[in-house]
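First comes the structure, then the notes that go with it.
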Amino acid sequence: KRLKAKTADRKKKREKNAEVIVGVSYLWKKGYTFAMPSLSIIAPPPPKENAWRFINFKKEKKTVSPRALKEVKYDSQSHHSVLFQMYGSVWPKVLPFCLANVGLTLIVLYLRNRQIIDLTFSDKGHSFISMLVSFLVVSRSQMIYGRYSEARSQLSAAMRSCRELVQHMAILTLSETDEAAKQWRCTVAYKTILMLRVLCAALEYPTSKRNAWDVPEMDDADRNVVLDSLLVATSDNSIIHCSNSKLSPRSMHELAHGERSLSDENLRVPVIMTYQVREAIVSQRFALSQPLQPPEELKILQFVSEFSMAFHSLRKLLMTPFPFPLVQMARTVLVFWVFSLPFVLVWNISEPIQVVMVVFVITYGFVGLEYVSMELEDPFGDDPNDFDCITFSQMVFEDIYITINEVDGKEAANALRRKVKNRTAVGTTHESFVADDEFLSNVGSMEGSPLIAENGSHDV
Numbered sequence: 179k180r181l182k183a184k185t186a187d188r189k190k191k192r193e194k195n196a197e198v199i200v201g202v203s204y205l206w207k208k209g210y211t212f213a214m215p216s217l218s219i220i221a222p223p224p225p226k227e228n229a230w231r232f233i234n235f236k237k238e239k240k241t242v243s244p245r246a247l248k249e250v251k252y253d254s255q256s257h258h259s260v261l262f263q264m265y266g267s268v269w270p271k272v273l274p275f276c277l278a279n280v281g282l283t284l285i286v287l288y289l290r291n292r293q294i295i296d297l298t299f300s301d302k303g304h305s306f307i308s309m310l311v312s313f314l315v316v317s318r319s320q321m322i323y324g325r326y327s328e329a330r331s332q333l334s335a336a337m338r339s340c341r342e343l344v345q346h347m348a349i350l351t352l353s354e355t356d357e358a359a360k361q362w363r364c365t366v367a368y369k370t371i372l373m374l375r376v377l378c379a380a381l382e383y384p385t386s387k388r389n390a391w392d393v394p395e396m397d398d399a400d401r402n403v404v405l406d407s408l409l410v411a412t413s414d415n416s417i418i419h420c421s422n423s424k425l426s427p428r429s430m431h432e433l434a435h436g437e438r439s440l441s442d443e444n445l446r447v448p449v450i451m452t453y454q455v456r457e458a459i460v461s462q463r464f465a466l467s468q469p470l471q472p473p474e475e476l477k478i479l480q481f482v483s484e485f486s487m488a489f490h491s492l493r494k495l496l497m498t499p500f501p502f503p504l505v506q507m508a509r510t511v512l513v514f515w516v517f518s519l520p521f522v523l524v525w526n527i528s529e530p531i532q533v534v535m536v537v538f539v540i541t542y543g544f545v546g547l548e549y550v551s552m553e554l555e556d557p558f559g560d561d562p563n564d565f566d567c568i569t570f571s572q573m574v575f576e577d578i579y580i581t582i583n584e585v586d587g588k589e590a591a592n593a594l595r596r597k598v599k600n601r602t603a604v605g606t607t608h609e610s611f612v613a614d615d616e617f618l619s620n621v622g623s624m625e626g627s628p629l630i631a632e633n634g635s636h637d638v
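The opening residue of the sequence shown carries number 179 in my numbering; numbering runs sequentially from there.
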């Protein structure tokens, strides 16, 4: 009897397992994945509420913008992905040099084997030049990468100071709940957003040719303040036409010591906005019922100074290009050495396949390093490996909205969001927050927020 009872129990368990397997197979074929409350399939514990969550990934659709596609992504664990990915690589630029040098090698080899003319020579002198080329190319790459890292560090410092400024402002004035205090906090937050946005626009101006005072986030009142402070003028006193505005010689032109270009004036806009932010912070003496104490006010102003320091460091990098004599010398020696390789290697190696492979790899290595230096020399622009300043700054904007929501509520945060005019989607749900009211409707519970991906997981 006991044996029959055990056999019956085992049969029931097998039937349950079969049902589970059939159900899982059906869901898997439909494109569903699931999170089980236990690793055990046989006799699982009673499921809790929302313990099983089915997500149909096949039905999930995302619209990716060109800016999101611009980001260079690769899997460092996959050798195939790293070796053969073309986007963001120097292969398209270096490959013509490699093929040209291989062709030159085959010509030299053919002329020598056919005893038409022997163009080869010894490698004794060429080996000394190789030491000089290696030093110049590698040193230049190291210095360029150091500038690249410094630019990213200073850009991060500028964005961090904007976050800290708004958060300290909110915490130090948490007890002020009247409309005047809310308006003051909104003004400071908006000025901070403009300060960061014009910084990104000024850094990208050499490539984009879009003026910093034409950013869509800036309203007309602030734009007029900026335009009144510029020194732009032309030799014939003509009007300079811009995308959203017209610049003509104003009263500030009399203060100029010389002619100023649009590049100079774009780098002046963050300085003007820095003053505007300081002025907005100091206006708390009239907006708050209990003004901040001097140490508290100086603490907030300190973050503006940190932003200014980061901006001037970035400006130093823009205004101090890599020394031209060093670039010219390195490139001249590199070109001579690389294209003289066939004449030296054919003298030592007579096998065509061997000499072609060696010439191809050496050309790719040295010319590729030079192109890497050229790619990283200016990290602000539209190249694949440049910084995506707009996306970085919009993430700072999100943090500012959330801070205002914590202090003044959803209506104040939505009002600030509507005042920021740039509504351009930039790819994923984390980068793009087109909606107004939906953005902060459930930010406390983090349900339905664009900061959460459509599959329910956080985009980190």
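Backbone N, C-alpha and C fix where the C-beta goes; we use that ideal spot for every residue, glycine too.
Given residue i as reference, the closest of the options once Cα atoms are compared
| i | options | result |
| --- | --- | --- |
| THR121 | GLU555, ALA186, MET451, LEU289 | Nothing about residue 121 can be read from this structure; the chain reaches only from 179 to 638. |
| ALA380 | ALA390, SER386, VAL344 | ALA390 |
| PHE299 | VAL286, ASP187, VAL280, THR541 | VAL286 |
| HIS304 | GLU548, SER551, ASN526 | ASN526 |
| ASP560 | ILE582, ARG290, CYS378, GLY546 | CYS378 |
| SER467 | ALA359, ARG338, VAL280 | ALA359 |
| LEU504 | VAL574, ASP398, ARG318, SER267 | ARG318 |
| VAL344 | ASP577, ALA329, GLU457, SER407 | ASP577 |
| ASP564 | SER571, GLN572, GLU553, VAL574 | GLU553 |
| VAL404 | VAL447, THR365, ARG438 | VAL447 |
| ALA434 | SER259, LEU440, SER486, LEU409 | LEU409 |
| GLY546 | ARG192, LEU289, SER312 | SER312 |
| PHE514 | LEU479, ARG325, PRO394, LEU310 | LEU310 |
| VAL537 | ASN279, ASP187, GLN572, ASP356 | ASN279 |
| LYS387 | GLY266, ASN444, MET321, ILE582 | ASN444 |
| ASP129 | ASP356, GLY587, PRO520 | Residue 129 falls outside the range modelled here, since the chain spans only 179 to 638, and no answer is possible. |
| ASP398 | ASN291, LYS597, PRO473, GLN320 | LYS597 |
| GLN572 | HIS258, VAL376, ARG188, ARG292 | VAL376 |
| ARG292 | GLY436, GLU589, GLN506, SER528 | SER528 |
Distance between beta carbons of residue j and residue i, contact taken as under 8 Å
| i | j | result |
| --- | --- | --- |
| ARG363 | THR351 | 7 Å |
| ASP566 | GLU249 | 6 Å |
| THR510 | CYS276 | Not really, about 20 Å apart at Cβ, beyond 8 Å. |
| ALA348 | VAL539 | Wrong, their Cβ atoms sit about 57 Å apart, outside the cutoff. |
| ASP400 | LEU372 | 6 Å |
| ALA508 | LEU314 | 4 Å |
| GLU484 | SER339 | 4 Å |
| ILE450 | SER486 | So it is not a contact: roughly 12 Å between Cβ atoms. |
| LEU495 | GLU382 | Contact doesn't hold; Cβ gap of about 14 Å is too wide. |
| ILE307 | SER551 | No, ILE307 and SER551 are not in contact; Cβ-Cβ is about 19 Å, not under 8 Å. |
| PRO562 | GLY281 | Not confirmed; about 29 Å, so no contact. |
| ALA335 | ALA488 | 4 Å |
Residues of its chain near residue i, where Cβ-Cβ distance is below 6 Å and the 5 sequence neighbours each way are ignored
| i | result |
| --- | --- |
| GLN454 | LYS369 |
| TYR326 | LEU554, PRO557 |
| ALA183 | none |
Residue i: first and last residue of the uninterrupted alpha helix (DSSP H) it sits in
| i | result |
| --- | --- |
| ILE393 | Reading the sequence as shown, one finds Val at residue 393 and not Ile. Element bounds for VAL393: n/a, residue is neither H nor E. |
| THR370 | 357-386 |
| GLN345 | 302-350 |
| MET552 | 530-554 |
| PRO503 | 502-517 |
| ASP577 | 567-586 |
| ASP442 | 440-460 |
| ILE292 | A small fix is needed here, since residue 292 is Arg in this sequence, not Ile. ARG292 -> no alpha helix (DSSP H), and no H or E assigned at all. |
| HIS257 | 257-262 |
| PHE481 | 472-497 |
| ASP296 | No alpha helix (DSSP H) holds ASP296; DSSP gives it neither H nor E. |
| VAL403 | 398-406 |
Proximity test, residue i beta-carbon vs the ligand GTP heavy atom, cut-off 7 Å
| i | result |
| --- | --- |
| THR370 | In the structure on display, the ligand GTP does not appear, and there are no ligands present to speak of. |
Same chain only: Cβ atoms within 8 Å of residue i, ignoring 5 sequence neighbours per side
| i | result |
| --- | --- |
| GLN263 | TYR252 |
| LEU284 | PRO530, VAL534 |
| PHE481 | SER339, CYS340, GLU342, LEU343, HIS346 |
| ILE330 | Here the sequence assigns Arg to residue 330, which means Ile is not the residue at that position. PRO557, PHE565, listed in sequence order. |
| VAL522 | THR298, PHE299, SER300, ASP301, HIS304 |
| THR452 | MET373, VAL482, PHE485, SER486, PHE489 |
| ALA146 | Absent from the structure is residue 146, since the part of the chain shown begins at 179 and ends at 638. |
Chain-order list of residues whose beta-carbon lies under 7 Å from that of residue i (same chain, five-residue window excluded)
| i | result |
| --- | --- |
| TYR549 | VAL268, LYS271, VAL272 |
| LYS237 | Only weak support exists for where LYS237 lies, its pLDDT of 41 falling under 50; the coordinates are left without a value. |
| PRO469 | GLN462, ARG463 |
| VAL574 | MET337, CYS340, ARG341, LEU374 |
| SER518 | HIS304 |
| ARG456 | LEU479, VAL482 |
| ALA128 | The requested residue 128 does not occur in the structure, where the chain is confined to residues 179 to 638. |
Interface flag, residue i vs chain D, CB-CB below 8 Å
| i | result |
| --- | --- |
| PRO530 | No chain D appears in the structure shown, which is made up of a single protein chain. |
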